[in-house]
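Shown next, in structure tokens, is the structure this report addresses.
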Amino acid sequence: MGSTGGLLKNGNKSALIAAVVNTIIAIVKGAAYLFTGNVAMFAETMHTLGDAANQYFVYIGSALSKKAPTDRYPNGFGRLVNLVLLGAVIIVGIMSYETVKEGYHHILHPTESSGVWISLSVLGVAVILETYVLYKAMKEVLHETNTEGKGLAVIGKSFGALRKASPATKLVFMEDLVATSGGVIAIIGILLSYYGGWHAAEGIASIIIGLMMFYVVGRVFMDNARGALGEADQDLEDKIAEYIFTNPEIKDIKALFAFKEGEEFHIESKLEIDPFISVKEAIVLKNRIESKIHQIRGVTDVIIEFDEDDGIRSWHGHGNK
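Using my numbering, read the sequence shown as starting at 78 and increasing by one per residue.
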């Protein structure tokens with residue numbers, strides 16, 4: 078874990094796969110754009126280049142976030158992945174702007190592109206590859222959130238579980254979803270231009286793709302801004318509270334926080350217990366609760382404090398507030 082090579086082995090695998098595939102796709106799309114001058118192909122080239130760069134950042138950031146705490150940084154590097162992703166969205170933002178601008182210029186001055194079948198062939202292959210990467214990202218979402226799903230069921234369940242996925246996997250999922258959709262939109266734009274004579278369709282397709290990229294920028298920025306500030310996971314807090322109350326010695330929960338640090342969770346709690354239990358029983362109880370909470374995926378440390386029951390109910394759960 079100490080060396081850079083060791084850390085990179087723990088990077089987000091779906092991000093690395095997506096980055097490599099998108100690098101290859103971007104090179105092919107770029108060559109096709111230079112040959113055809115197709116503005117929809119330009120939009121897809123910029124989009125794929127942004128995705129590839131972003132996903133390399135994601136892979137490196139997710140790996141470095143797992144670096145062990147040091148004397149200088151005793152709380153670890155969990156939030157590093159959020160900071161890296163905040164920087165990465167700048168790249169997508171620039172690519173989005175260029176894509177929309179080029180599409181707008183093409184609408185104002187529409188021209189007929191050449192090599193239409195080259196563009197369609199490249200985009201067709203790209204959509205197939207990006208669909209494969211998207212499916213891999215969907216499976217990673219299910220893996221991270223402990224959600225069961227096989228075959229086509231993976232698609233629907235991944236959307237439902239996406240909110241609980243890690244920032245890195247969430248970004249890869251959203252980018253690949255937009256990439257796949259963008260490829261289809263680019264194909265439609267080219268077909269309308271070539272067969273319908275509506276040359277502005279390529280520019281409109283470029284703008285739509287750019288706006289979709291801007292949507293990803295906004296979503297990723299907000300998600301990682303919350304993560305960088307140390308967002309509490311209320312669903313996890315309720316889940317932990319439910320288990321805690323299965324222990325009859327626990328009379329109330331005075332405080333319970335599940336802080337998300339990148340892809341890791343830090344749990345802090347103050348529990349009110351039966352004042353008549355012995356110190357030995359309290360230690361056994363504390364160890365039992367800690368052990369159970371540590372079994373939750375992503376939890377790295379648990380802090381539990383005990384206090385005497387004051388007879389006043391404090392915990393009502395987030396759903397009842």
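All residues carry an ideal CB built from backbone N, CA and C; glycine is no exception.
This one's a predicted model, so the numbers in the text were calculated from it and none came from an experiment.
Sufficient close CB pairs (3 or more, under 8 Å) joining the segment 132-141 to the segment 293-303:
These segments do not touch.
Any chance you could list the alpha helix (DSSP H) runs of at least 4 consecutive residues sitting entirely within the segment 260-346, in chain order?
277-306 and 311-321
Just curious, the alpha helix (DSSP H) that D438 is in, first and last residue?
Residue 438 cannot be examined here, being either before or after the span of the chain that is shown, 78 to 398.
Determine, using beta carbons only, whether Y181 and I284 come nearer to each other than 8 Å.
The sequence position of residue 181 within the sequence shown is 104, counting from 1. The sequence position of residue 284 within the sequence shown is 207, counting from 1. Y181 is a Cβ neighbour of I284, given a cutoff of 8 Å.
Counting pairs of beta carbons, one from the segment 97-104 and one from the segment 263-279, are three or more of them closer than 8 Å?
no
Per DSSP, what kind of secondary structure is L254 in: helix, strand or coil?
Here residue 254 is taken as the residue at index 177 of the sequence shown, counted from 1. Judged by DSSP in its simplified three-state form, L254 adopts helix.
Where the alpha helix (DSSP H) containing T224 begins and where it ends:
Here residue 224 corresponds to residue number 147 of the sequence shown, with the count starting at 1. T224 -> no alpha helix (DSSP H), and no H or E assigned at all.
Taking only three categories from DSSP, how would you classify L229?
Taking the sequence shown and counting its residues from 1, one reaches residue 229 at position 152. In the structure shown, the three-state DSSP call for L229 is coil.
Under 7 Å: does the beta carbon of N364 sit that close to some heavy atom of the ligand COA?
The ligand COA is absent from the structure shown, which contains no ligand whatsoever.
Taking 6 Å as the limit between beta carbons, can you name the residues of its chain near A278, skipping five residues before and five after?
To locate residue 278, count along the sequence shown from 1; it is residue 201. Cβ neighbours of A278 beyond the five flanking positions: G266, L269 and S270.
Per-residue DSSP class, three states only, for T113
By 1-based counting over the sequence shown, the position of residue 113 is 36. Note: T113 maps to helix in three-state DSSP.
Would E349 and F334 be called neighbours here (beta carbons separated by less than 8 Å)?
Along the sequence shown, read from residue 1 onward, the residue named residue 349 stands at position 272. Along the sequence shown, read from residue 1 onward, the residue named residue 334 stands at position 257. One thing to note: E349 has its Cβ no nearer than 8 Å to the Cβ of F334.
From what residue to what residue does the alpha helix (DSSP H) around G175 run?
Counted from its first residue, the sequence shown places residue 175 at position 98. Looking at the sequence provided, one finds Glu at residue 175 rather than Gly. First-last of the alpha helix (DSSP H) with E175: L157 to L185.
May I ask you to list the residues that DSSP assigns as paired with L348?
Numbered from its first residue, the sequence shown carries residue 348 at position 271. Beta-bridge partners of L348 (DSSP): I330 and F383.
If contacts are defined as beta-carbon pairs under 8 Å, then A214 and A95 qualify, I think. What distance do you get, rounded to the angstrom?
The residue you call residue 214 lines up with position 137 of the sequence shown. The residue you call residue 95 lines up with position 18 of the sequence shown. Yes, they are in contact, since the Cβ atoms of A214 and A95 sit about 7 Å apart, within 8 Å.
Own chain, CB closer than 8 Å to L288, minus 5 neighbours either side, in chain order:
What you label residue 288 is simply residue 211 of the sequence shown in a count that begins at 1. Cβ neighbours of L288 within its own chain (closer than 8 Å, five residues either side excluded): S173 and V177.
How far does the alpha helix (DSSP H) with L362 in it extend, from its first residue to its last?
Indexing the sequence shown from 1 puts residue 362 at position 285. Unbroken alpha helix (DSSP H) run through L362: V356 to H371.
With burial defined as no fewer than 16 other Cβ atoms inside 10 Å of the residue's Cβ, what is the status of G233: buried or exposed?
Mapped onto the sequence shown, residue 233 falls at position 156. Exposed is the call here.
Does chain D have any CB closer than 8 Å to the CB of V204?
Here there is only one protein chain, and chain D is not present.
Shortest alpha-carbon distance to F336 belongs to which of E121, S346, E179 and E319?
Taking the sequence shown and counting its residues from 1, the one referred to as residue 336 is at position 259. Residue S346 holds the alpha-carbon nearest to the alpha-carbon of F336 among E121, S346, E179 and E319.
Take K398 and list the residues in its own chain whose beta-carbon comes closer than 6 Å to its own, dropping the five residues that flank it on each side.
Counting from 1 along the sequence shown, the entry for residue 398 is found at position 321. The predicted model places K398 with a pLDDT of 48, which falls under 50 and marks its position as unreliable, so this point remains unresolved.
Output needed for M251: all residues of its chain with C-beta closer than 6 Å, excluding positions within five of it in sequence on either side, in chain order.
On the sequence shown, residue 251 is found 174 positions in, with the first residue counted as 1. Result list for M251: V293, in chain order.
Taking one C-beta from the segment 107-122 and one from the segment 155-166 each time, how about it: are there three or more such pairs within less than 8 Å?
no
Own chain, CB closer than 7 Å to P352, minus 5 neighbours either side, in chain order:
In the sequence shown, residue 352 corresponds to position 275, counting from 1. Around P352: E385 and D386.
Check T188 in the structure and name its three-state DSSP category.
Counting from one through the sequence shown, the residue named residue 188 turns up at place 111. Note: T188 maps to coil in three-state DSSP.
Is the distance from the Cβ of T222 to the Cβ of A203 below 8 Å?
Indexing the sequence shown from 1 puts residue 222 at position 145. Indexing the sequence shown from 1 puts residue 203 at position 126. Against a cut-off of 8 Å, the Cβ pair of A203 and T222 comes out as no contact.
Quick check on DSSP: helix, strand or coil for A92?
Counting from 1 along the sequence shown, the entry for residue 92 is found at position 15. Reduced to three states, the DSSP call for A92 is helix.
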